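Student:
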Amino acid sequence: MRIKLDNRIRTLIENGIIMRHRSMFVIIGEKARDQVATLYQIMVKASTAQRPTVLWCYKNELEFNSHRKKKIKELKKEETSWTCST
1 MRIKLDNRIR TLIENGIIMR HRSMFVIIGE KARDQVATLY QIMVKASTAQ
51 RPTVLWCYKN ELEFNSHRKK KIKELKKEET SWTCST
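Position 15, counted from 1, in the sequence shown is what the UniProt record's numbering calls 15; the numbers after and before it change by one each time, with no gaps.
#1: Go to S47, then tell me how far its alpha helix (DSSP H) extends in each direction, as first and last residue.
#2: Does the beta-carbon distance from E14 to A46 come in below 8 Å?
#3: Is Q35 closer than 8 Å to I27 when the C-beta atoms are compared?
#4: S66 by DSSP, collapsed to three states: which one?
#5: Please tell me whether S23 and G16 are closer than 8 Å, where the distance is taken between their beta carbons.
#6: Alpha carbons only, please: which of S81, T80, A49 is nearest the one belonging to I18?
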């Protein structure tokens with residue numbers, strides 16, 4: 001399945017490689033991990049070196065978006081409100 005990617009991102013990566021400038025991308029969202037592989041493939045195709053150097057940085061505790069936090073909070077609230085009758 002082919003992933004659509006904005007052409008501006010592709011040109012940023014390619015121009016950074018051609019001009020030998022460092023580039024930094026910040027990816028935010030629930031499916032950010034999936035996009036990292038796509039960006040890496042673009043960089044590998046654009047670079048002339050055998051294996052380009054990449055510094056990967058990520059946060060250990062990935063936070064959820066506000067909707068997901070709210071849903072988790074509601075589920076925990078429901079769990080505590082349940083009572084067992086024996």
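For glycine and all other residues, C-beta sits at the position ideal for the given N, C-alpha and C. Every value quoted in this text rests on a predicted model; they were computed, and no experiment measured them.
Tutor: On the basis of the data shown:
#1: S47: not part of any alpha helix (DSSP H); DSSP gives it neither H nor E.
#2: With a cutoff of 8 Å on beta-carbon distance, E14 and A46 are scored as near each other.
#3: yes
#4: helix
#5: yes
#6: Comparing Cα positions, the closest option is A49.
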